[in-house]
Amino acid sequence: KLIHGLINAATLVGIAEALVVGRKSGIDPQMMFDIISVSRGNSGIFQSRAPRMLDGNFSAAFAIDLKYKDMTLALNLAQDLKIPVVVAEAARAVFQMARAKGLGGSDIAAVVTVLEEWAGVTVRRRK
C-alpha cells in the first residue's frame with residue numbers, strides 16, 4: 337500500500353502541474369483531457385482525478401489528510417532504508433500546502449488548487 341501510494345501521489349501532483357502549465361499557456365482544459373486520455377500520459381489516476389480537477393469537484397473520495405499520512409509512513413520507510421525519495425518529498429510538500437489551506441478533508445484532486453494559486457489560473461473546463 338505504501339509503495340503504491342508513493343506512485344499515486346507523485347503522479348497526481350504531476351498531473352496537476354501539467355494541467356496548470358497547459359492552461360497557463362492557453363490550452364483548453366477539455367482539449368488537454370481528451371488528448372492525454374488517448375496518449376501514454378493516460379492512467380487510472382488521471383481518469384479518476386483529472387475530471388475532478390477540471391470540474392472543481394473536491395468532495396472527498398480519498399482525503400488529502402489520509403494521503404498525507406500514508407505518504408509520511410512511506411517516506412519514513414524510505415528514510416529508515418536510507419533511500420532518498422526527492423520526488424515523493426516534493427509531492428508530500430504540495431499535499432502539506434493543501435492541508436495548510438484548510439483542504440485536508442477535501443479529495444486529493446484538490447492539490448491542483450495549490451498550483452493554480454501559484455500560476456494565477458484555474459484549470460476548470462467550460463460547461
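In the working numbering, the protein residues as written are 337 to 463.
We put the beta carbon where it would ideally sit given N, CA and C, even for glycine.
Given this structure, state the Cα-to-Cα distance separating residue i from residue j, to the nearest angstrom.
{"i": "S384", "j": "K360", "result": "23 Å"}
{"i": "D401", "j": "R435", "result": "7 Å"}
{"i": "G377", "j": "F431", "result": "22 Å"}
Which of the three DSSP states, helix, strand or coil, is assigned to residue i?
{"i": "D401", "result": "helix"}
Relative to the alpha-carbon of residue i, which residue among the options has its alpha-carbon at the smallest distance?
{"i": "G341", "options": "L409, G456, P420", "result": "L409"}
{"i": "A455", "options": "G358, T347, A346", "result": "G358"}
{"i": "M367", "options": "L390, A424, A434", "result": "L390"}
{"i": "V422", "options": "V447, L411, S375", "result": "L411"}
{"i": "R428", "options": "D406, D416, K463", "result": "D406"}
Please report the Cβ distance between residue i and residue j, rounded to the nearest whole angstrom; I am assuming they are in contact, meaning their Cβ atoms lie under 8 Å.
{"i": "S442", "j": "A396", "result": "6 Å"}
{"i": "V447", "j": "V356", "result": "Actually they are not in contact, since the Cβ atoms of V447 and V356 sit about 11 Å apart, beyond 8 Å."}
**Asked** What alpha helix (DSSP H) runs, 4 residues minimum, are completely inside the region 352 to 434?
**Response** As far as the region 352 to 434 is concerned, its whole alpha helix (DSSP H) runs of at least 4 residues are 365 to 373, 380 to 391, 400 to 416.
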